[in-house]
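With my numbering applied, the sequence shown corresponds to residues 1249 to 1601, in that order.
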Amino acid sequence: MRTDELADHLLASVIGGLDVLTVAVGAHFGLYDLLHRRPRTVGEAAAASGMAPRYAREWLEQQCVAGLVDVDDPALPAEERRYLVSDEHAAVLCDPDSLSYTTPFAQMVAAAGVQLPRLLAAYAAGGGVGWEQYGEAMRRSQADANRPLFLQLLGSQWLPALPEVHASLERGGRVADIGCGDGWAAIGVGLAYPGARVDGYDIDAASIAAAAANAAAHGVADRVQFHHADAAGAEQEGVYDLVLAMECVHDMADPVAVLGSARRLAAEGGHVVVMDERVPDAFTGPGDQVEQLMYGISMIVCLPDGLSHQPSVGTGTVMRAPVLRGYAQQAGFADLEVLPIEHDVFRFYRLLR
């Protein structure tokens, strides 16, 4: 890039960063949902959301200028204008079941920004910032980002793309979800395959509590259970038809130990499936949007979290296929294969024994 091009690029990024923070503000106050239900004036939006009226006016005007919220007539006096969120924009801003729901990523960035002093200290000392230090907003944003994918696609498209896995679960197999977080992948399996029994494992107590509540709310608590435990220390052997690791291996301080446990947990003829980021196999300099996104998240969330547990391999979000292959082979697998499941952001692997 030339100097002027880079300046324009960075300025656009600054504006985008400001949009991200204002989206997090709007989501916190429930404003997108309120404006999607019906158009509201500044006073009505402020009263319904609990935001002070002067801030509500500034937020609404900024959202209109940014193209996120619509206004009926900008020429009206400020107190008379009515603001609304269209159905198209609601799918992105406030519909938690929409596959286009993007607000959680804005909330994730905002939650990470709160930890900037800790991140700077970690960058200097080589330490980390643990997942629990990011707080509930970070945990919830990660869960909300994956929720529609795991509830809508995991059991209807992704697992059915693997005929032998699909057939075993149709017969009522057993599934382990390691690094389960708030439980949406395990719940997605339980909803799609009522005869299957699913165990979710995670080292974060708050995530396990949320996962149990989510399973109960979706009526699958009788067959989907969660355990506050490190999957690397699991002592069971050969009990699961499918072991899942959904977007978590890159966060692990010792992925080889966890994958070794996954290999032991899988029954004879069972499958170990890893879902992680769809990044190129090698670093090549300037990259596409997915690689840019993953490096950004790695810097402010995943790498600091991974380095907060020592000793750590420090993988980071950008876990390329050759890196995962190396971890898998160290864990006792012969190799891996990339599965025929297409997604813009994620890649799926089967680890081969």
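Note that CB positions come from ideal geometry on N, CA and C, so glycine has one too.
So residue i packs on residue j, CB below 8 Å; how close in whole Å?
| i | j | result |
| --- | --- | --- |
| Leu1439 | His1466 | 7 Å |
| Gly1564 | Leu1551 | 4 Å |
| Pro1408 | Ser1346 | Contact doesn't hold; Cβ gap of about 22 Å is too wide. |
| Asp1553 | Asp1499 | 6 Å |
| Leu1410 | Trp1432 | Going by Cβ atoms, the distance from Leu1410 to Trp1432 rounds to 19 Å, so no, they are not a contact pair. |
| Leu1282 | Ala1294 | Between Ala1294 and Leu1282 the Cβ distance is about 10 Å, and since that is not below 8 Å, they are no contact. |
| Pro1344 | Asp1267 | The Cβ separation is near 20 Å, so there is no contact. |
| Tyr1441 | Glu1412 | Actually they are not in contact, since the Cβ atoms of Tyr1441 and Glu1412 sit about 14 Å apart, beyond 8 Å. |
Less than 8 Å between the beta carbons of residue i and residue j, yes or no?
| i | j | result |
| --- | --- | --- |
| Tyr1331 | Pro1287 | yes |
| Asp1447 | Ile1456 | no |
| Ala1247 | Ser1560 | This structure cannot settle anything about residue 1247, because the visible part of the chain is limited to 1249 through 1601. |
| Phe1581 | Arg1511 | yes |
| Arg1329 | Thr1289 | yes |
| Gln1598 | Val1521 | In the sequence as presented, Gln is not what sits at residue 1598; that position holds Arg. In contact: Arg1598 and Val1521 (Cβ atoms closer than 8 Å). |
| Ala1272 | Ala1354 | yes |
| Ile1548 | Leu1368 | no |
| Leu1584 | Leu1600 | yes |
| Arg1471 | Ala1444 | yes |
| Thr1351 | Ala1304 | no |
| Ala1424 | Leu1492 | yes |
| Val1313 | Tyr1280 | no |
| Ala1460 | Cys1428 | no |
| Tyr1575 | Val1468 | no |
| Val1377 | Gln1390 | no |
| Met1567 | Asp1524 | yes |
| Leu1316 | His1284 | no |
| Ser1509 | Ala1480 | yes |
Going by DSSP, name the residue or residues bridged to residue i.
| i | result |
| --- | --- |
| Ala1514 | Tyr1488 |
| Met1523 | Met1494 and Phe1596 |
| Val1586 | Tyr1597 |
Three CB pairs or more closer than 8 Å across the segment 1429-1449 and the segment 1399-1418: These segments touch.
Within the segment 1415-1498, ranges of the alpha helix (DSSP H) (whole runs, at least 4 residues): 1432-1440 and 1453-1465
Between the segment 1379-1386 and the segment 1342-1361, are three or more C-beta pairs nearer than 8 Å? yes
Which runs of the alpha helix (DSSP H) fall wholly inside the segment 1259-1331 and span at least 4 residues, in chain order? 1279-1285, 1290-1297 and 1301-1313
Do the segment 1475-1490 and the segment 1526-1546 make contact, defined as three or more Cβ pairs closer than 8 Å? no
Of all the alpha helix (DSSP H) runs that stay within the bounds of the segment 1345-1379, which reach a length of 4 or more residues? Within the segment 1345-1379, complete alpha helix (DSSP H) segments of at least 4 residues are found at 1351-1361 and 1364-1373, given in chain order.
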